[in-house]
Amino acid sequence: MKEYIEKILGEALKRTAETEGLEVPGDIEIIVEKPKDEKLGDFSSNLAMMLARPAKKNPHELAALLAGHIAVGEGGVESASVAGPGFINITMSRGFYRDRLRQVAAQGESHGHAPARKEQKVLLEFVSANPTGPLHVGHGRGAAVGDCLGRLLKAAGYDVRTEYYVNDVGNQMNILGRSTLLRYRELLGRSAGEFPADHYQGDYITDIARDIQNKHGEEFIDRPEAEALPFFRKTAADWVLEGIKKDLREFRVDFDNWFSERTLYDDGSVNRALDWLRERGFVYDQDGAVWLKSSAFHDDKDRVVVKQSGEQTYFCSDIAYHQNKVERGFTRLIDLFGADHHGYVPRMKAVMEALGYDESVFHAILVQFVTLKRGGEKVQMSTRSGQFITLSEVVAEVGVDVARYFFLMRSSDTHLDFDLELAKQETPENPVYYIQYAHARICNIFITAEQQGVTWPAKGEVDLSLLVEDEEFTLIKKILQFPEVVEKSAQVLEVHRVPHYLHELVAVFHGYYKRHRVVTEDRERTLARLFLLDGLRITIRNGLSILGISAPEKM
RNA sequence: GCGCCUGUAGCUCAGUUGGAUAGAGCAACGGACUUCUAAUCCGUAGGUCGAAGGUUCGAAUCCUUCCAGGCGCACCA
1419 MKEYIEKILG EALKRTAETE GLEVPGDIEI IVEKPKDEKL GDFSSNLAMM LARPAKKNPH
1479 ELAALLAGHI AVGEGGVESA SVAGPGFINI TMSRGFYRDR LRQVAAQGES HGHAPARKEQ
1539 KVLLEFVSAN PTGPLHVGHG RGAAVGDCLG RLLKAAGYDV RTEYYVNDVG NQMNILGRST
1599 LLRYRELLGR SAGEFPADHY QGDYITDIAR DIQNKHGEEF IDRPEAEALP FFRKTAADWV
1659 LEGIKKDLRE FRVDFDNWFS ERTLYDDGSV NRALDWLRER GFVYDQDGAV WLKSSAFHDD
1719 KDRVVVKQSG EQTYFCSDIA YHQNKVERGF TRLIDLFGAD HHGYVPRMKA VMEALGYDES
1779 VFHAILVQFV TLKRGGEKVQ MSTRSGQFIT LSEVVAEVGV DVARYFFLMR SSDTHLDFDL
1839 ELAKQETPEN PVYYIQYAHA RICNIFITAE QQGVTWPAKG EVDLSLLVED EEFTLIKKIL
1899 QFPEVVEKSA QVLEVHRVPH YLHELVAVFH GYYKRHRVVT EDRERTLARL FLLDGLRITI
1959 RNGLSILGIS APEKM
């Protein structure tokens, strides 16, 4: 749409330059936007104001010149005018919009989807929570945003894969195993005093221990810890990871790949990455540890990759992991982090540079915290004490559609208030239903039409000239905006634009519905209006599908 | 102390990367169902865009300083 207008303006600019001897800077960018007020026109451009300075001309006069060279009457342009300080406003004809609406109907599911772009292979990594406990609400936001971003990027034509990095190595896995072992002993009456504060407190640990007890009885009760631990560690980790996978499935989040950190150690990738960096002098020994010279690449300081103990740090394997991503052919790496990990971003960028890649290959998205509320009251949570609301609890309480919508409706970089009471309500306050309701209403109109014996001719035979109401064209214009919203959201990696757009879109519809009846005696007009609603229904469906939210036919 | 994020209507938030008179939802108030779903619609009211400077034709948006809140600043992950 906008590209089309840009072309029209570009041609006008060329003609103006030729006939008026106007000097145009080579790098001038034609920006098309929507006027604040719909009455001013369908599109507007500040082109004249941008040109005013280099051309040393009055922006208003320049705008008039340019507007005069727009081919009115051709290509769907109905009028071009000048307003304000020098805006050029363009109005398109109704015929133009009717044709565009036909295109939407023809596109169906692909309306809003851009053709595949070949230039980039994107790897989107998100959640990647340690498999030491169930996912909580904060992970839920990351999961919803990441999953939606994946769907969005795919719709925008990018080649995207999603991945969950499983931190199945390291000390926290030992603590998980030990926590389970201690609970197991408690269950069998062998409590060894106070449960350690730095171990995992959650009830799920006891559940795992009970599971082991049921299957293995007292088999491990007298074994020394060193001997029993590997079994407990593995059993607990598998149990927790399976739970995470199940929770995510239920939340409609499917990863293309689950990447195990352990494999990077097993196949020597970690050591290989270290050697590679050492050869190039980006790694050095000091105080018995091995450091990455990250300060040479915009990080505040150097970072330890191998501890004095000889153990590699989490950061160390992450270097290998990101190298691995690039080696798999990905040209753009997007990582979603919880806001508490933002300090990690500069060092990851440093890693990319040290590895010889452009820093811009790596892109971090920070997802801010979620404050869970219940009727305005803050729900206190603390991971350490094991008192936290899990994602699956929230989903069980409010449903997948609502939970996803609440996570997606706000910009990722603002704190999110998630009020469970509000989310549960099935009335006005809940924006999810507002959108879904519109879809259900449209479906119901089609059922009514069918019941009244309305049959569809070939789509090309529906006479769209019977669409004459202003609101019908407002609706069409809004429908046609959808591809632009998808493209822009994908470009800036901001998913919240999609729910906002959908809300605006269906608001126009709800108003139209109230004032204009679709199914009437006038058979031809009924068909024209149904045609319009079909385009709208397609748009709502495609939009909700990007959000991973269902489009119910009945409510 | 240093860094990142945030500050816009009573509340929760948008604001098309510098554009035209700053918008929506909720809450408040007043209206609208004998016709396709009232989970809806229409109207009223609500603002020193945290503060002060600066940049220019033009600033909620960019720059500087300050204030407030959140989060970081490990040989944890």
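Numbering-wise (my numbering), the first sequence opens with residue 1419 and increments by one. Glycine residues also receive a C-beta, built at the ideal position from the N, C-alpha and C atoms.
Asked, Found
"In DSSP terms, what aspartate 1703 is bridged to", "Val1708"
"Other residues of its chain near lysine 1743: CB distance less than 6 Å, five sequence neighbours each side excluded", "Leu1541, Leu1751"
"Rounded straight-line distance, which links the Cα of alanine 1772 to that of tryptophan 1709", "13 Å"
"Buried versus exposed, by CB contacts within 10 Å (16 or more), tryptophan 1676", "exposed"
"Endpoints, the beta strand (DSSP E) within which threonine 1509 is located", "1505-1510"
"Given serine 1829 as reference, the closest of Val1769, Ile1783, Ala1532, Leu1950 once Cα atoms are compared", "Ile1783"
"For glycine 1756, the residue or residues it bridges with in DSSP", "Val1785"
"Methionine 1510 classed as buried or exposed, judged by whether at least 16 other C-beta atoms fall within 10 angstroms", "buried"
"Proximity to alanine 1534 [Cα-Cα], best of Asn1862, His1928, Val1924, Glu1905", "Glu1905"
"Given 8 Å, three or more beta-carbon pairs between the region 1575-1584 and the region 1604-1613", "no"
"Inter-residue Cα distance where the pair is glutamate 1912 and methionine 1766", "21 Å"
"Where the alpha helix (DSSP H) containing alanine 1485 begins and where it ends", "1477-1486"
"Where the alpha helix (DSSP H) through valine 1816 begins and ends", "1809-1816"
"Secondary structure of valine 1797, DSSP reduced to three states", "coil"
"Bounding residues of the alpha helix (DSSP H) (the contiguous stretch that carries aspartate 1888)", "1888-1910"
"Closer than 7 Å: glycine 1817 CB and nearest the ligand NAP heavy atom", "Ligands in the displayed structure: none, and consequently the ligand NAP is not present."
"Three-state secondary structure assigned by DSSP to aspartate 1672", "coil"
"Threonine 1832 - partner residues in DSSP beta bridges", "DSSP output for threonine 1832 lists no bridge partner at all."
"Glutamate 1922, buried or exposed, once every other Cβ within 10 Å from all chains shown has been counted against 16", "exposed"
"Check whether leucine 1885 and leucine 1950 have beta carbons under 8 Å apart", "yes"
"Spatially closest choice to isoleucine 1593 from Asn1548, Asp1819, Ala1482, Leu1682, by CA coordinates", "Asn1548"
"Cβ-based neighbour list, threonine 1892, same chain, cut-off 6 Å, excluding 5 preceding and 5 following", "Val1926"
"Lysine 1572 classed as buried or exposed, judged by whether at least 16 other C-beta atoms fall within 10 angstroms", "buried"
"Three-state secondary structure assigned by DSSP to arginine 1750", "strand"
"Per-residue DSSP class, three states only, for threonine 1550", "coil"
"Start and end residues, beta strand (DSSP E) containing arginine 1608", "Looking at the DSSP string, arginine 1608 is not in any beta strand (DSSP E), and its letter there is neither H nor E."
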